[in-house]
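Here is the structure we will look at.
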Amino acid sequence: MKNKFNHYIKITLVNENKFFGPGVYDLLTLIKKEGAIKTAAQKMGLSYSKALKMIGNMEKELGSKIVDRKSGGITGGESTLTEYAEQFLENYKKFEEEVKSYSEKIFNKYF
């Protein structure tokens with residue numbers, strides 16, 4: 001049976017609490033690109049404090065630093081992802097792609 005609908009999978013990682021999903025992934029990817037939490041938050045339509053909370057929650061749940069922050073001055077601050085965060089993003093993306101690929105096969109089997 002060929003259908004006109006599809007499915008959607010959103011992967012959220014959980015420790016004691018939910019700490020990582022598409023929103024945090026996008027935030028960290030923008031921080032990497034922009035070099036600033038504030039700019040990344042603005043581009044996502046988030047407040048700076050919300051972005052800090054998302055980062056802090058992830059760091060707490062993983063017990064590892066995710067973003068290195070340097071205070072500004074005249075030229076402004078700088079934020080970079082830690083090596084751990086870079087690897088985490090890469091692993092999450094690979095995991096997500098594999099899950100979605102498998103999910104597509106199962107979906108097509110039943111629908």
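Residues in the sequence shown are numbered from 1 upward in steps of one, following the UniProt record's numbering. Glycine is no exception: its CB is placed at the ideal position from the N, C-alpha and C atoms.
(request) Check whether the stretch 89-102 touches the stretch 36-50, taking contact to mean three or more Cβ pairs, one atom from each stretch, closer than 8 Å. (result) no
(message) So, for residue 25: in the same chain, excluding its five sequence neighbours on each side, which residues have a beta-carbon less than 7 Å away from its beta-carbon?
(response) 89 and 92
(request) For residue 13, write down the residues that DSSP places opposite it in a beta bridge. (result) 20
(request) Report the residue from 111, 70 and 58 whose alpha carbon sits nearest the alpha carbon of residue 27. (result) 58
(message) Just to confirm the assignment: which complete beta strand (DSSP E) runs, minimum length 3, are found wholly within the stretch 22-110?
(response) 67-70 and 78-81
(message) Quick check: what's the CA-CA separation for residue 29 versus residue 80?
(response) 10 Å
(request) Below 8 Å on the Cβ atoms is my guess for residue 82 versus residue 65; work out the distance and round it to an integer in Å. (result) 5 Å
(request) With a threshold of 16 other CB atoms inside 10 Å of the CB of residue 20, please say whether the residue is buried or exposed. (result) buried
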